[in-house]
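Letter by letter, the sequence shown follows residues -30 to -1, 1 to 933 of mature numbering (1 follows the signal peptide of the UniProt record, and there is no 0).
Ideal placement from N, C-alpha and C gives every residue a C-beta, glycine not left out.
Here the structure comes first, spelled out in structure tokens, and everything after it is commentary.
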Amino acid sequence: METLTTSLARRVLGWILLLLLLLLVKVSHAQPTGCTGSDAGGQPATNGLYAEYFTGYFQDNQTFFNDKQNPPGLRRIDAQVNFPSAASWGNLQPTAGSGTAQDADNYSVRLRGSLRIATAGTYTFYLKSDDAAYLWLDGAALALTPTTASALIDNGGNHSTRTVAVPVELTAGLHNVLIHYGDDCCDNVLVWEYEGPGISRQVVPSEVLCTAQQPGPLSPRTLAYTPASQALVAGNAVTSGVPVVDDGGSAITGFALANTTPLPAGISINSSTGALAVTASVPAGAYALDVAAINANGTTIFRNAYQFLVTPGLTGGCGGNDLAGNPVTAGLFAEYFSGYYNGDVNFFTTNKPGFTRTDAQLNFPDDASWGNITSVASGPVDAPDVFSVRLRSSLYIPTTGSYTFYLTSDDAAYLWLDNAALEAAPQQSEAVIDNGGNHPARTVATTLRLEAGLHNLLILYGDETLGSALVLEFESAEANIARQIVPAAQFCTSVQPLQPLATRLQYSPSVLRVQTGLAGVSGMPTASSASAIVEYILENAADLPVGITLNAVTGQVLVASSVPLGDYELNIGARNAGSTAIFNDVVEISVIPAPPTGCRGINPDGTLATSGLYAQYYKGYFGYDLTFFDRTPVGLSRSENRLDFDGESWGDLASVASGTAQDPDGFSAQFRGRILITKAGNYTFHLTSDDGSLLWLDAGALATSPSITNVLIDNRGYHPAETLTGTIFLAAGLHDMLVIYGDDSAFNVLKLEYESADAGVPLQVVPIASLCTTGSSAPLPVVLTRFTTETVAAGIKANWETAQETNSDFFEVERSANGKVFEAVERRKAAGTTTQRQAYTLTDRAPLAGVSYYRLRQVDLDGTVHFSSVVAAKWNGNLAQNLTATIFPNPTSGSFTVRVQQPTEQPVQLELLDMQGRVLRRETILGQAAQSYTVQPGHLPAGLYLLRLTTSAGRITERLAVE
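Shown next as structure tokens:
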């Protein structure tokens, strides 16, 4: 019984001891004794260590973790320091600079807190890492920028997984802990273990860790300059404000620059106040300053505490202040905003910027290039998102010319220049580059002419998510600028005043008449503008047929030969230093039919005859007095397509008329030329006018002072629109015509119609195709007095002479074997316009054998062609008897073979000539009676060539066609 009782008692005692042991274990895993207060993030303390993850590898530089430009991208509580593999870290993206969510690379971490030691004694700490890792304890762990020398464990450097162990005597209680770790690439391992009295080697458990550090003597905790940057032009000196410092409870005893080695001489710090200074000797550049603050407990280094942006000297007369009132510098005035503007230009007026700074240039190709903008952007420092920026500047253009700008962005970006850049809410339609919308990095380019000098520039940009890129480049062949990032020296942070736009643009004549099938070009316009016109723009190009273009530099309108018949009003923009002013219907293009058959000669203004009538306008109304035109000077001359006018169809008569452009008054006009009658018969003319008008035909129309006695229709007077008619028999052919018209006031109507039952012509306005601007007495463009040919030793020589030339372009001598089909021999440049005798000669050095025929083709500047009479010539000189040559293939696209036959064996000289007689190739063939010879002429342009074979007996010439 006793034995049983004793056994039962022992069992009960055993269960009690087991329960006590379990209770002790549970208590030992609770929050460590004394873990109170807050962690470094301000949250209540708990088990584990407070962890801050940074982009980039710290490379054993302990100040890396106190960098104003690289704040932590991730903060969390790590229960233990037990990361034996890449996957054990969890997802560190996007803070990690590279790698994946399962295998991060290029990051660093700072772990802070305290460790509870239950039993005093010797403890061994093991720090395993790949790459660098350091461990500090107690007071050394409180420093924001601890020294490497004060670390308990130094496992620094780039290396594979390696463990460093260090024993240390510790008292019971809480001990501050600081661990720095970084991974450059590849494996990323960090494990912290310990062993000591009653503790076998193990990962330091969460239960003995506390996220709060324990009070102790502190080195300086924070330092801030406001503002934290300053821009200045090289050659100037400035001083920053003094910093605000949290001294950690012990007074600051001094300041120092911690990175003097990479800085130029001339940058210094006041050791007592912390104020930073730049002297005038400091060269242009961006200088980030690390500032050390010192108190009795140690030194803390604050990396990138301040930045001086020393810009190049200002160019182009840039002066004044920037938009914040600071002295102007090179670069752009940049305002950064929280949130994505999403193309809404009002965003920048309804929101306030989070900060401003001077950006030297627009070169932000990736997330990491923006610097620290986390005060306005979400995401880590190297991957900012959801922010916007407004950049304003004056852009210096060194040389007037064409410039191409390239704006690359992800996401939306817009660029404005000149006056448009000054608007608080600029119009998207006025942006010279529209790269709006949400999109990956995309480049949009534009080319425009800019005047030398300063131009206002505005760029709005925003990033919603993912990549954030903004780059502005330019190039100009005229300024010898290769494509490049627009350099800082081209910008300054002030803006220029509003510039007035062009107020007037005028073409003279305001109507450009071009014959169908021919090309034409207008004169250069005149403009009224406070600054130079640097570019002309055809604003309604989309509404015009292909072939009507504008010279952006001169403003001349170009009309291609393919433009169809019709009248086209052009709206032209003139851009100066302010912006572009649009002038609607400023010039008209009238593509007219070819003149009727026989319509030749020169108009009074020296231009060649065209379809239509030649008009001369005068100030004042002639009334009944026909001598008005003898004593009144011509105020305006131009050609008109037809006589069918009312108030708004007269065009620009401002130089001769009163009233308005839509209702001119007080003017008179004479319309001269000829009318083509295709079939003889009686024709009735209808002349409608308000006020007076008259019509003469044939001889009456040629009089210098026309007589009322032979007028066909007399509709003079002061009256509303009235139609009078006149009937006359007209033979087929051209008939001289004169119409006189005048308007006193009020309405101004003029219409000329005709009809003929005999010729089957219904009543209609006399069409332009039946009208000619010159009369029968008009001089011809070219007066040819002689064209002859003669046989000379070198070939057939053509000779010709002219008595006068007007707008003559060139002469071309043509020849024919049958007098019907002609081919060009060669051309001579004409004299152009002259009243002096001109003599020309041209020798056909490869004439056709026997009798051939020659004529002269004369071409005017407008493309009009005239032919001379045909003359015959005979070529027998040096003709080789019984010498024949056959060319095959002919036509050829490369080499060809010549088969030569001659009665006796003798050498043959072979020459290849162009149609101007120039020898392109010369070689000698062996003297066989019959032989074939292959010629390799090399690359020849397509066209006709001559093959000339010469022996001692003479020569023959054959034609060769090259395709």
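Alpha carbon to alpha carbon, how far is residue j from residue i? Give it in angstroms, no decimals.
i        : j      : result
Pro14    : Gly236 : 47 angstroms
Leu442   : Thr378 : 7 angstroms
Ala201   : Tyr27  : 30 angstroms
Gly487   : Pro534 : 8 angstroms
Val(-4)  : Ala228 : Its pLDDT being 37, under 50, Val(-4) is placed unreliably by the model, and the measurement read from it follows with that caveat. Distance between the alpha carbons of Val(-4) and Ala228 is about 48 angstroms.
Asp380   : Val298 : 29 angstroms
Thr550   : Asp614 : 35 angstroms
Leu233   : Thr281 : 16 angstroms
Ile343   : Leu440 : 15 angstroms
Ile169   : Thr435 : 50 angstroms
Glu448   : Ala522 : 15 angstroms
Val681   : Gly670 : 7 angstroms
Val346   : Ala74  : 26 angstroms
Glu796   : Arg827 : 10 angstroms
Leu(-18) : Asp154 : Because the pLDDT at Leu(-18) is just 47, under 50, the model does not fix this residue reliably, and the value given afterwards should be weighed accordingly. If I take the Cα positions, the gap works out to 58 angstroms.
Thr693   : Gln640 : 18 angstroms
Leu160   : Ala49  : 13 angstroms
Taking all protein chains shown into account, do 16 or more other C-beta atoms lie within 10 angstroms of the C-beta of residue i, making it buried, or fewer, making it exposed?
i       : result
Ala794  : exposed
Glu618  : exposed
Leu(-7) : In this predicted model, Leu(-7) has a pLDDT of only 38, less than 50, meaning its place in the structure is not dependable; the value taken from the coordinates is given anyway. Exposed is the call here.
Tyr594  : exposed
Leu385  : buried
Val762  : exposed
Glu305  : buried
Ala(-1) : Only weak support is given to the placement of Ala(-1): the predicted model assigns it a pLDDT of 46, under 50, and the value that follows is read from those uncertain coordinates. Flag for Ala(-1) reads exposed.
Thr811  : exposed
Lys322  : exposed
Asn389  : buried
Asn158  : buried
For residue i versus residue j, is the C-beta distance shorter than 8 angstroms?
i      : j      : result
Ala497 : Gly517 : no
Arg570 : Glu505 : no
Arg815 : Phe792 : no
Gly283 : Val203 : yes
Leu657 : Leu722 : yes
Trp845 : Pro817 : yes
Ala353 : Asp329 : no
Thr755 : Ala773 : yes
Ser638 : Tyr591 : yes
Glu771 : Val752 : no
Arg362 : Leu468 : no
Ile503 : Ala422 : no
Val261 : Gly43  : no
His566 : Leu704 : Checking the displayed sequence, the identity of residue 566 turns out to be Pro instead of His. Yes, the Cβ-Cβ distance between Pro566 and Leu704 is below 8 angstroms.
Gly127 : Asp30  : yes
Asp622 : Ser480 : yes
Tyr310 : Phe318 : no
Taking residue i as the reference, which of the options has the closest Cα?
i           : options                        : result
Gln454      : Gln460, Phe444, Cys462, Thr463 : Phe444
Val178      : Gly4, Glu139, Pro42            : Gly4
Asn265      : Thr299, Tyr257, Ala221         : Ala221
Gly525      : Tyr477, Leu853, Ala547         : Tyr477
Arg46       : Lys322, Ala931, Val79          : Val79
Asp635      : Ser348, Asn680, Gly833, Ser715 : Ser715
Ile507      : Pro515, Thr519, Ala110         : Thr519
Pro54       : Ala800, His705, Ser99, Gln485  : Ser99
Pro185      : Ala304, Gly83, Leu812, Glu784  : Gly83
Leu917      : Val889, Glu760, Leu882         : Leu882
residue 934 : Ala254, Ala459, Ala275, Gly205 : As shown, the chain starts at -30 and ends at 933. That puts residue 934 outside it, with no answer to give.
Val527      : Gly543, Tyr903, Met494         : Met494
Check whether the stretch 629 to 648 touches the stretch 699 to 707, counting contact only when three or more Cβ pairs, one atom from each stretch, lie closer than 8 angstroms. yes
Indicate whether the contact test is met: 3 or more Cβ pairs, each with one atom in the stretch 661 to 668 and one in the stretch 728 to 739, closer than 8 angstroms. No: fewer than three Cβ pairs fall under 8 angstroms.
Are at least three pairs of beta-carbons, each pair with one atom in the stretch 624 to 635 and one in the stretch 563 to 583, less than 8 angstroms apart? Contact fails: fewer than three Cβ-Cβ distances are below 8 angstroms.
Is the stretch 209 to 219 touching the stretch 44 to 64 in the sense that three or more CB pairs, one from each, lie closer than 8 angstroms? no
The stretch 124 to 138 / the stretch 86 to 99 touching (three or more Cβ pairs under 8 angstroms): yes
Three CB pairs or more closer than 8 angstroms across the stretch 123 to 133 and the stretch 241 to 259: Output reads no: the stretch 241 to 259 does not touch the stretch 123 to 133.
Counting pairs of beta carbons, one from the stretch 594 to 606 and one from the stretch 549 to 564, are three or more of them closer than 8 angstroms? Under the Cβ criterion (8 angstroms, minimum of three pairs), the stretch 594 to 606 does not count as touching the stretch 549 to 564.
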